[in-house]
Amino acid sequence: MKAAGLVVEYNPFHNGHQYHLDQSLASTKADIAIGVMSGNFLQRGEPAIVNKWARTKMALAAGVDLIVELPFVHAVQKAEYFAEAAILLLEELQCDWVCFGSEQGNIEPFLDTYTLLKENTDFTSEHAKSYMNDGHSYPKAMALAYAELKKTHSNMLTLDKPNNILGYHYVSAILKNKLSIKPVTIQRTGSGYHDADLPLNSIASATAIRKELTADGRLQDVARFLPRTSCEILHDYQEEMQVWHTWEMYWPYVKLKLLTTPPDTLKGIYEMKEGLENRLISAAQTSATFLDFMTKVKTKRYTWTRLQRLLTYLLMNITNNDIPKELKPTYIRVLGFSQKGREYMQSLKKEKGHLLLTRPAASNDPILAIEQRSANVHASVLPPEMWQHVQKREYQPPVMLP
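If you count by the numbering used here, then the sequence shown holds residues 1272 to 1673, one letter each, in order.
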């Protein structure tokens, strides 16, 4: 079977995701779609609005055949790290293509940009260093340096759009590692990635959908932007768990950790650099809400996303020793599959059987142990009676499409 790989979060699965899935299968003529999905915490350092099992169900119901977990240590990362880890996992799964949405809509500028940046490394490094000296964050400094190079190379990709940026890193990972998987891009349609308002048409951003849901919790207000099955699964989750997971719900835990942990201990948290722990402690002392806190600590150098990721590491007590130096997958953990997806995994057993994680409870892989930590932290805002259920679920079999 030919497989189209997708790097996804599905937070939640909406009509735009359905379009991307359908177009990926149509453009590649693949037999199955495989999604590599972030777990309970996402690339931008946010808690998923519902847990990974509910999001797996949404994906399978919509037509994805196999969902595999991108481990926390790779998922909650800057774009290039996140992208390369996901691509390496898709390569291990022997996907023929990776299909990603982009504002660009055709693959050639991605390929051209990789070549030009490789040829002009010194130029971009020198300019980025200069911009960082002016107080810009590393991502902003690199963007400004890139803009300087683009002035003389019109065929370069526009890298001020979020999906173009991620897409570039997917392509870069493939070319740098000389992988066999082929990149394909699908033109994004409808709302932009960060659009916070609901549009008139039926495709809204996940950001806008989450904003509406968490404002009043009413599913009927966003139903036209979601497949029917997504609405049903979200309804069941809210009925059972009684929450949508948002940063505000975790704020009391963040504040408690910042106000009770010695600064020298906070320094050991992954990505806690440049005395940032003191700034966070100071802001926590005078902040009543997560929004208030973030407004106080955000600067040009410390972006909202970087801070959210740092706070996720803080909640999880992730230290530098927890983050592997190698991105190559140490296991393949299936979260769910259709019958076709199950058959595909069976076909991989001979060659990839050593990587397939069939008994999570028996594994001593430290990366997998962090997933249990992630599940516990994500579930910490649930009603007490749901705790035991969540802890058991982490070691149960994958979701199977009926």
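Heads up, the beta-carbon is just placed ideally off N, CA and C, and yes, glycines get one too.
DSSP, read as helix, strand or coil, puts W1368 in strand. Cα atoms of D1367 and L1361: separation of roughly 9 Å, rounded to the nearest angstrom. K1453 carries a strand assignment under DSSP once its states are collapsed to helix, strand and coil. Contact between the stretch 1346-1357 and the stretch 1527-1536 is absent: fewer than three C-beta pairs spanning the two stretches fall below 8 Å.
A straight-line Cα-Cα distance of about 15 Å links K1449 and A1354.
Checking the DSSP bridge columns, you'll see T1590 partnered with I1540.
Spatial neighbours of M1413 in its own chain (CB-CB distance under 6 Å, excluding positions within 5 residues in sequence) are listed in chain order as A1399. For F1343, the enclosing alpha helix (DSSP H) covers residues F1343 to A1346. If you ignore the 5 residues before and after G1406, its C-beta comes within less than 7 Å of the C-beta of K1571 and R1572, all in its own chain and listed in chain order.
Take the alpha-carbon of F1394 and the one of S1443: they are about 18 Å apart. Comparing C-alpha distances from K1544 to each of I1504, F1564, T1590 and L1313 shows the shortest one belongs to T1590. Assigned with DSSP and collapsed to three states, A1475 falls in coil, not helix or strand. Q1509 is not bridged by DSSP to any residue. Residue burial annotation: N1426 is exposed, with fewer than 16 other C-beta atoms found within 10 angstroms of its C-beta. Rounded to whole angstroms, the separation of the alpha carbons of H1424 and S1645 is 44 Å. Counted as a single uninterrupted DSSP element, the beta strand (DSSP E) harbouring I1303 occupies residues I1303 to S1309. For P1523, the three-state secondary structure derived from DSSP is helix. Across the set A1357, A1418 and V1344, the C-alpha of V1344 shows the shortest separation from the C-alpha of R1580.
Taking each of L1497, F1371 and E1363 in turn and checking the Cα distance to K1599, the smallest one comes out for E1363. For T1576 and L1437, the gap between their C-alpha atoms comes out near 15 Å. Around the CB of T1456, 16 or more other CB atoms lie within 10 Å, so the residue is classed as buried.
About 33 Å separates the beta carbons of S1634 and H1285, which is beyond the 8 Å limit, so they are not a contact pair. Just so you know, the alpha carbons of T1566 and M1403 end up roughly 22 Å apart.
Counting of Cβ neighbours within 10 angstroms places S1396 among the exposed residues, the total staying below 16. Secondary structure of S1408 (DSSP, three-state): coil. In this structure P1342 is in contact with E1642, their Cβ atoms being roughly 6 Å apart against a cut-off of 8 Å.
Under the three-state reduction of DSSP output, P1318 falls in the strand class.
Annotation for F1381: the continuous alpha helix (DSSP H) segment containing it runs E1379 to E1390. Take the alpha-carbon of N1588 and the one of E1390: they are about 40 Å apart.
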